[in-house]
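S.K.: Can you keep this structure in mind? I'll have questions shortly.
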Amino acid sequence: MQEWPPLTNALIANVWDASWWDHEQNRTVCRKMNMLDEIRRERACELFGEGFRLDDLKRWGIAHINLTGQKLGRRVYNTAYITATANDATYFGEPAYYPEKYPLLYGVYEGDGPTDPDYGRSIATQRGNLLFSQRDYLSPIPREQMRLNPALLQNPGW
């Protein structure tokens with residue numbers, strides 16, 4: 014039987030989390046991951062599309078952080094796909110983005126030029142569309158249930 018090493022931060026001592034834009038500090042942040050970050054990242058990858066993400070974010074108490082603000086999508090400008098040809102060693106098949114076929118819903122974020130890590134990414138979701146707040150951790154109690162049991166109190170914020 015295979016023995017696995019214990020899950021400790023030592024296993025990912027030199028792994029850096031991807032950088033992200035901190036809206037509160039108004040700057041790009043990059044930090045080393047810890048084991049909890051790695052478990053969360055792995056769950057997001059392995060269970061992609063299976064409907065667990067919102068429940069995970071709520072359970073970990075980080076939904077109000079991850080589900081607010083503008084979200085950026087695929088890079089469009091300055092990629093190998095723009096000028097690549099079949100003879101180019103960096104060409105990996107069909108282009109990832111066809112502007113004439115799949116128009117951008119919100120446009121392209123140009124940032125501060127090629128040195129900006131978000132330069133050329135499409136805006137997947139506008140800031141105003143993600144307004145998850147503390148009250149959203151709990152769902153409202155249905156009115157019919159509150160009528161059936163007058164001792165029930167509505168969840169805060171609802």
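Take 14 as the starting number for the sequence shown in the working numbering and just add one per residue. Built from N, CA and C at the ideal position, the CB exists for glycine as well.
1. Taking a contact to mean a Cβ-Cβ separation below 8 Å, would you say Thr140 touches Gly86 in this structure?
2. Give me the residue from Gln15, Pro116, Asn168, Ser135 with the minimum Cα distance to Tyr122.
3. Once the 5 residues before and after Asn22 are set aside, which same chain residues still bring their CB inside 8 Å of it?
4. Restricting to runs no shorter than 3 residues, where is the beta strand (DSSP E) found entirely within the stretch 48-84?
5. Among Ala57, Asp50, Arg156, Phe61, which residue has its Cα nearest to the Cα of Ile25?
6. Quick check on DSSP: helix, strand or coil for Tyr122?
7. Is DSSP giving Tyr94 helix, strand or coil here?
M.R.: Taking the coordinates as given:
1. Numbered from its first residue, the sequence shown carries residue 140 at position 127. Numbered from its first residue, the sequence shown carries residue 86 at position 73. According to the sequence as given, residue 140 is Arg; it is not Thr. No, Cβ-Cβ distance for Arg140 and Gly86 is not below 8 Å.
2. In the sequence shown, residue 122 corresponds to position 109, counting from 1. Out of Gln15, Pro116, Asn168, Ser135, Ser135 has the C-alpha closest to the C-alpha of Tyr122.
3. For the purposes of this step, residue 22 is taken as residue 9 along the sequence shown, with counting starting at 1. The residues are Asn47, Met48.
4. none
5. Sequence index remark: in the sequence shown, residue 25 carries index 12 (1-based). Answer by Cα proximity: Asp50.
6. Here residue 122 is taken as the residue at index 109 of the sequence shown, counted from 1. In this structure, Tyr122 counts as strand in the three-state DSSP scheme.
7. Within the sequence shown, the letter at position 81 stands for residue 94. Bear in mind that a pLDDT of 48 at Tyr94, under 50, signals an unreliable position, so the model cannot answer this.
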